[in-house]
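A quick write-up on the structure given underneath.
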Amino acid sequence: AELEVTHWWTSGGEAAAVAELAKAFDATGNKWVDGAIAGSGGTARPIMISRITGGDPMGATQFNHGRQAEELVEAGLMRDLSDVAERENWREIVKPSSLLDSCTIEGKIYCAPVNIHSWQWLWLSNAAFEQAGVPVPKNWDEFVAAAPALEKAGIIPLALGGQPWQAAGAFDVLMVAIAGKDVFEQVFAKKDAEVAAGPEIAKVFNAADDARRMAKGSNVQDWNQATNLVITGKAGGQIMGDWAQGEFQVAGKKAGVDYTCLPGLGVNEVISTGGDAFYFPVLDDEEKSKAQEVLASTLLNPETQVAFNLKKGSLPVRSDVDLAAANDCMRKGLDILAKGNVIQGTDQLLSPDSQKQKEDLFSEFFANPSMTPEDAQKRFADIIAAAD
Amino acid sequence: MDNIAKNSMAASIDAVGGRLEDGPRGAKPKRTLSRRNIIVYGTLIVVSLYYLLPLYVMIVTSLKGMPEIRVGNIFAPPLEVTFQPWVKAWAEACTGLNCDGLSRGFWNSVRITVPSVIISIAVASVNGYALANWRFKGADLFFTILIVSAFIPYQVMIYPIVIVLRELGVYGTLTGLVIVHTIFGMPILTLLFRNYFAGLPEELFKAARVDGAGFWTIYLKIMLPMSLPIFVVAMILQVTGIWNDFLFGVVFTRPEYYPMTVQLNNIVNSVQGVKEYNVNMAATILTGLVPLTVYFVSGRLFVRGIAAGAVKG
Amino acid sequence: MTGLTRGSVRPNQWLRNLNAKIASIPMILTAVVIFLGGTVWTVVYSFTNSKLLPRLNFVGLDQYERLWEAPRWIVSIQNLAIFGFLSLVFSLVIGFVLAALMDQKIRFENTFRTIMLYPFALSFIVTGLVWQWLLNPQYGIQSIVRSLGWESFSFDPLYDADIVIYGILIAALWQGTGLVMCLMLAGLRGIDEDIWKAARVDGIPMWKTYVLIIIPMMRGVIITTLVIIASGIVKVYDLVVAQTSGGPGIASEVPAKYVYDYMFLAQNLGQGFAASTMMLLTVAIIIVPWAYLEFGGGRKRG
Amino acid sequence: MRASVSVRGLSLSFGAVTVLDKLNIDIDHGEFLVLLGSSGCGKSTLLNCIAGLLDVTDGQIFIHDRNVTWEEPKDRGIGMVFQSYALYPQMSVEKNLSFGLQVARVPQAEIDKRVARAAEILQIRPLLKRRPSELSGGQRQRVAIGRALVRDVDVFLFDEPLSNLDAKLRSELRVEIKRLHQSLKNTMIYVTHDQIEALTLADRIAVMKSGVIQQLADPMTIYNAPENLFVAGFIGSPSMNFFRGEVEAREGRSFVRVDGVAFDVTAYPARTPLQPGQKVVLGLRPEHIKVDEAGAGEVYEATVDIEEPMGADNLLWLTLAGQSMSVRIAGQRRYPPGSTVRLSLDMGVASIFDAVSENRL
Amino acid sequence: MRASVSVRGLSLSFGAVTVLDKLNIDIDHGEFLVLLGSSGCGKSTLLNCIAGLLDVTDGQIFIHDRNVTWEEPKDRGIGMVFQSYALYPQMSVEKNLSFGLQVARVPQAEIDKRVARAAEILQIRPLLKRRPSELSGGQRQRVAIGRALVRDVDVFLFDEPLSNLDAKLRSELRVEIKRLHQSLKNTMIYVTHDQIEALTLADRIAVMKSGVIQQLADPMTIYNAPENLFVAGFIGSPSMNFFRGEVEAREGRSFVRVDGVAFDVTAYPARTPLQPGQKVVLGLRPEHIKVDEAGAGEVYEATVDIEEPMGADNLLWLTLAGQSMSVRIAGQRRYPPGSTVRLSLDMGVASIFDAVSENRL
Ligand SMILES: Nc1ncnc2c1ncn2[C@@H]1O[C@H](COP(=O)(O)OP(=O)(O)OP(=O)(O)O)[C@@H](O)[C@H]1O
Ligand SMILES: Nc1ncnc2c1ncn2[C@@H]1O[C@H](COP(=O)(O)OP(=O)(O)OP(=O)(O)O)[C@@H](O)[C@H]1O
Ligand SMILES: [Mg+2]
Ligand SMILES: [Mg+2]
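Chains as they are written, first to last, in the numbering used here: chain A, 1 to 388; chain B, 1001 to 1313; chain C, 2001 to 2302; chain D, 3001 to 3361; chain E, 4001 to 4361.
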């Protein structure tokens, strides 16, 4: 049957990855009807939600997995995938298991995770550092130290797009790297406002202050435009999730040669396991409902996982697949994943509301040099205190 | 020849108090470069440049290749004219998996715009007519509500309207979208039509009533034929508004009905590495072409219609 | 007199003008169900902590307290105030000046008018994109001026938090003044020719005639124009998204975007509704008394 | 007696403003009634009520003894002609005439017949194919009358049909309307604020002021014996000259003393005897005053301020008893400003009003 | 003799349309000149040229012997009053009067003096604080005149100042303008299409038709001896009665034979002798015809079609020589339609025009 799938994967690498999913699904004798909406989740999500609540749901839809679809599930609008999961043994194969936990509400599974996206990466342009005459840094501190040299060479040290989620994400990455996994969990999982106001986090804010200074002058909006600055050597580096790798690939750059990736900013090799998942609205159409099951299982199919994740630059959700084709950076990620150095992503831990407030805060912080780290931290602590 | 001679003769003989006429005669000489002309035309030309500059940049850019754009001067004319960006924008640009550019949404836009424009104008003109000529109790109250509603941000109304459409069972259909456009076009259009009809001589309406024409007969046979200008205004406002709408088109329909602007948004907002400015500009112009055409075709009537309708508050 | 005939009985008030009432049903439904109903619905839910879906968990004024504590809301309001005030003033002034120039019996009037009006036919996505580009320091006007030799020239309103709202204003004016000009022109054409003559005989200079005599006479047009501009200003959203997405930071945020973001991105409907309620309240405070004077109050038609 | 149109206790308010208050009027079959009054007095409102174009607040309206208070305009058997012609601009003259009949689904043959007849009567046959915009004012108004004519109704309502025409056309069409009435013999109600129209056309005139009928009588009565000060001042151009004074009785004669001048009003046919000391207003029409001619009454001297030669006659503005007054003399006798004239006043055709109640004495 | 306003060879075209063509006119100091003509004949255009509100195509304009052809309106020493009043709506009456002076930087004391004087003359002192929208039509027009008055100019231009007023007010203001002229004694040029205004106000009338002056003379000449058929028909209400016929000479007498009836025109003071066989138009004014009275001339019988009693006099529409004609009789003598009357015509005051050239014979 034809199944309309909505998502917001429209950049070059993303689109190529989606094509793999579609190919695999079409191979099952069904048809993937693509419903891409550009402009990231911000544009797409209201459309998806209106359609589901409006009674004209699509066959399947992407969400960041975590809490974005919680209420739709509670309202009984989303389909329970427990049967498929049972049949296909998701509990066993999906690693880390926290991914499936995010899909689980009151014991039932409502989504099919397709990838693991980790935020904690620093992407560096080898060419830029060569031009500036400094060695490619091995960690955040070296990067900060190299900044003046880059600037002198007319290179923006740190590329940072204007979209609010990028600023907020960069801060989270800094937090894991500088304050460590435990503090991260204290703050975001336990919502401990005291820790959030404490000295550990103050350090993180100071680092963010550095980042802010280094990011001055990157007059771009979209994350991939920022990545493009790194690709073309106009910027030294970018803190961005592993999806940035897709752009490097599309541009024909080679990990280790043209660019360098530092997981956990090279300080603290921990990665978060957020990612994308597909949700399946309840449909009346018998045939389509069947197709939904097929799609769900196709998504977790090992071949699909490999093909998709290679293109997308993300990590597969199952550990039992062969990623021989994985490149340098992906391998680093897989290693960390294997070591179990993982944390949950903020999408999973915080409500979208708190996420948005956080984004507002960091978006302002990174754009407004007159906002002191102390003030920002105070507001940050307030947000954490109010989070649920 | 003869005539001229005679005239000048007459003029010189024709004297006041016997003395020859002198001093200024005929039209006051006007220099083309008078101060007034310099100010008036100078300002207009400078202002026109401000208005035309973006259009110029759009066109020029859309005719350049990406390498040329990367080199930099956005104002420079294209060294090598290429229509590839136009082709790409129209037929090749990708959104997710669909790589058929704007062409995909074009007919949808037409299918949405035509009925929406017709129905929203029909409904609003009847409203305006009823308000202006058949003032019933409470009509002013409803009208005031409508006017205030012109200020409500559309986003606020998305949820209530989703609920209403769902209850009506037209969510996701073209019908639903047409209803939405009709609803949101109603405040301003009703204001326009009401003022226009109120400006028509009331006696015409009375005469028709004495002649036995009822509500609809008067509307169709008397009022409509007299209201072309205001209908043109309404049409232009609606065509531009509905054609350029993105939010409703995407929120209240399903992908097979997505209008051209969804594609435009996708082209403009889905960035593949560097923004393909030339394609964006071509897409932009292509999308704007329909309202622009409508506008150029009926521009004169537009101003006349505004003069007739909108002006009396 | 003779017995009761059909015409002697006062018919039911509800049945009088029946057709008109039937024809107005769409309008009444829209006004009452959609706009009024939607507004009431919005206000009611603004007192709840609805997240993704509307739910009736009342939390009193919590959402409002949070709203007014949010720096972004404050910035949005300030921006709207600045943007609103300036675009009202500038559209009216520029629109009027242009209309006055066009009214000088000039040649090529049609051409000029078309040039000024065409941006109105383009969507905000387009406007935003073009101007984002023209104002981009790397490609746009700044780089051109610099390449002409004025190295220190700096014009990057979209990337400077202090003036970003003015950058948006430039694009907004580009799109909107043409329409204002047309409205004003129509108004000018409606002014009694004799007034001009009287002023000329009195020896009143042109500009004084405009300022002291003509403008006060154009109250009707100006009000209609105000409604149209103001309703556009309050709703401004697309333009900001297309040009800056509210950036840099939160420097160009506007209320309509706050509403949208909190309703859909933050999935906090209650907060979004509270914000929209505040917007509606402001609008109502300004508009209702005016609308009542203008349309209600038993005034004669027209 | 059965009236053609009867209005009983008619009241009409717009919101708080009461325009008509318990108005009664009966109009006979075939009568030409003119509603005369200054702007805003409610003439159009009354006519619109009769036509059914306004919903009355209270009262009843009968047309041919049928209570039509709540009937639709088209069912009342009336035709109406408006000041601004109100022709349908997009229709040809023929279509304008036939529109109402077509709406009423009258058979085409009948429509053609009636249109032809109306065109015949009004001499607009050559114009039938034209649009209203291609007609002159007078032609337009003729078409507008035609539109009422084809309806074959018994009651015609005219709302200032001639106000938009210039003086010359006005006097021509006036004659035509009069002729039309004489040949059709149906009831006509005609609103105007032009007293010449009222006087020349009406069988009876109803003079209105702020929604109240001040006097309802035939033109000569209205002209010669106005019921009150308002009617007296309203009718007649130039206006009646008024002198405010006090009644005096001397030697069996009555006088009105105004600013030192005593007017002998013994000849005045008062309804109630004039009381000495009563404050009164003496009214004299400009054409009832004889200049430098022997007349019936006493003779007064006055100075000419201004003269207005109007072709057929000459209007003199004089000062008498400290007041400005006008006198109309026939022919082309000229009196330069400053010259003195001798006036003889005929009190038999004067009017005297109580200064307080303003009613005729 | 030096003229106050002289127009020499004035031409004006709007694009291809020539409205005025080589027009000449001289207006004396203190003269009241009325431009009379039907709508669209170019009266306003001429006035606007004199005021400097329109750029002339050719010709010259002198005001007080100063060539002002290229001067700005404000420098021409003129004041102008418009039909639509053209008051500045948002300013008080006082401001309306003083605004032009303030702009010209006249000292405040002087402004106050002039405004006070104008308000005095026009009796609008109590209105000074009001807005134009709070005034009646007549009051507005008075203010508009005041605005010209305060400019202290020698030439006043009026463009149909009274057309928007109702008949009553019109006759009142007419007198006031006349009075104003008598006291100010400045030059006034007054455009109107109302012949009563022209006849009563003018020292001289210029009758215009399609931009050409047909006759320029004092009112009595225009009325009694119209230069051509147009002027004859245009002046006088009701219009002059015209009979088209042929000249016959019999027994030393001249006749105009019209449809079987021969009018004896021997008494007519012809400028050039009437030629037998010549086609002519005989014009008779309604008030020069006596009804059932012994008159100077012959007696004819006619039937009454319609009568129009107008208060002071009675207008009869008769048929004579197969043609409709009107007769005005004084007083209130009534002739019901259908009755026969005997007319006596005085050919001494008739007009005869050549049927081809339409000029007076
Ligand atoms: N729709 C309305 N609402 C409120 N008041 C009205 C309305 N129509 C008329 N009036 C008022 O009713 C009064 C009578 O109006 P009407 O039109 O009957 O006057 P009129 O005698 O016909 O005057 P005119 O000679 O100017 O036509 C006026 O004072 C007018 O202001
Ligand atoms: N601006 C213009 N452009 C073209 N033609 C014009 C213009 N103004 C006036 N006319 C024409 O010039 C002629 C004379 O106009 P004008 O206004 O002088 O007439 P008028 O005698 O004042 O008439 P009215 O009594 O109607 O005021 C008319 O035929 C008119 O159509
Ligand atoms: Mg009226
Ligand atoms: Mg004129």
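Built from N, CA and C at the ideal position, the CB exists for glycine as well. Please read all numbers here as calculations on a predicted model, not as lab measurements.
Buried or exposed by the 16-neighbour rule on C-beta atoms within 10 Å, applied to residue i
{"i": "R4142 of chain E", "result": "buried"}
{"i": "T4272 of chain E", "result": "exposed"}
{"i": "A2081 of chain C", "result": "exposed"}
{"i": "L1049 of chain B", "result": "exposed"}
{"i": "G12 of chain A", "result": "buried"}
{"i": "R4114 of chain E", "result": "buried"}
Contacts around residue i, its chain only, beta-carbon distance under 8 Å, and the 5 residues preceding and following it disregarded
{"i": "N1003 of chain B", "result": "In this prediction, N1003 of chain B scores a pLDDT of 44, lower than 50, which makes its location untrustworthy; no coordinate-derived value is stated."}
{"i": "D80 of chain A", "result": "K108, I109 and Y110"}
{"i": "A226 of chain A", "result": "A159, L160, G161, Q166, S218, V220, A235, Q238 and M240"}
Test item: CB-CB of residue i and residue j under 7 Å
{"i": "V176 of chain A", "j": "Q186 of chain A", "result": "no"}
{"i": "P1291 of chain B", "j": "A2121 of chain C", "result": "yes"}
{"i": "A1234 of chain B", "j": "I1112 of chain B", "result": "no"}
{"i": "G246 of chain A", "j": "K312 of chain A", "result": "yes"}
{"i": "P1132 of chain B", "j": "R1194 of chain B", "result": "According to the sequence provided, residue 1132 of chain B is Ala. The question's Pro does not apply to it. Against a cut-off of 7 Å, the Cβ pair of R1194 of chain B and A1132 of chain B comes out as a contact."}
{"i": "P3226 of chain D", "j": "S3326 of chain D", "result": "no"}
Other residues of its chain near residue i: CB distance less than 6 Å, five sequence neighbours each side excluded
{"i": "I3199 of chain D", "result": "In the sequence as presented, Ile is not what sits at residue 3199 of chain D; that position holds Leu. P3219."}
{"i": "F2047 of chain C", "result": "F2058"}
{"i": "G1313 of chain B", "result": "Any reading at G1313 of chain B is ruled out, since the residue's pLDDT is 39, under 50, leaving its predicted position unreliable."}
{"i": "E4308 of chain E", "result": "L4315"}
{"i": "I2287 of chain C", "result": "none"}
The beta strand (DSSP E) enclosing residue i, as first and last residue numbers
{"i": "V4034 of chain E", "result": "F4032 to G4037"}
{"i": "R213 of chain A", "result": "No beta strand (DSSP E) contains R213 of chain A, which is instead part of the alpha helix (DSSP H) from P199 to M214."}
{"i": "T3340 of chain D", "result": "T3340 to L3345"}
{"i": "W1086 of chain B", "result": "Premise fails: W1086 of chain B lies in the alpha helix (DSSP H), Q1084 to V1087, not in any beta strand (DSSP E)."}
{"i": "R3244 of chain D", "result": "N3241 to R3250"}
Continuous alpha helix (DSSP H) stretch holding residue i: start and end
{"i": "A3167 of chain D", "result": "A3167 to L3184"}
{"i": "P1054 of chain B", "result": "R1035 to S1062"}
{"i": "A4202 of chain E", "result": "Premise fails: A4202 of chain E is in no alpha helix (DSSP H) and is neither H nor E."}
Proximal residues to residue i (C-beta, below 7 Å), its chain only, five neighbours per side dropped
{"i": "T2187 of chain C", "result": "For clarity, residue 2187 of chain C is Gly in the given sequence; the question names Thr instead. M2218 and V2221."}
{"i": "T28 of chain A", "result": "V294 and T298"}
{"i": "R4245 of chain E", "result": "One detail in the question is off: residue 4245 of chain E reads as Gly in this sequence, not Arg. Excluding residues within five positions, the ones whose Cβ falls inside 7 Å are V4256, R4257, V4258, V4280 and L4282."}
Stretch pair the stretch 361-372 of chain A + the stretch 284-293 of chain A: three plus CB contacts closer than 8 Å: no
Validate contact between the stretch 4033-4053 of chain E and the stretch 4114-4125 of chain E using beta carbons, cut 8 Å, 3 pairs: no
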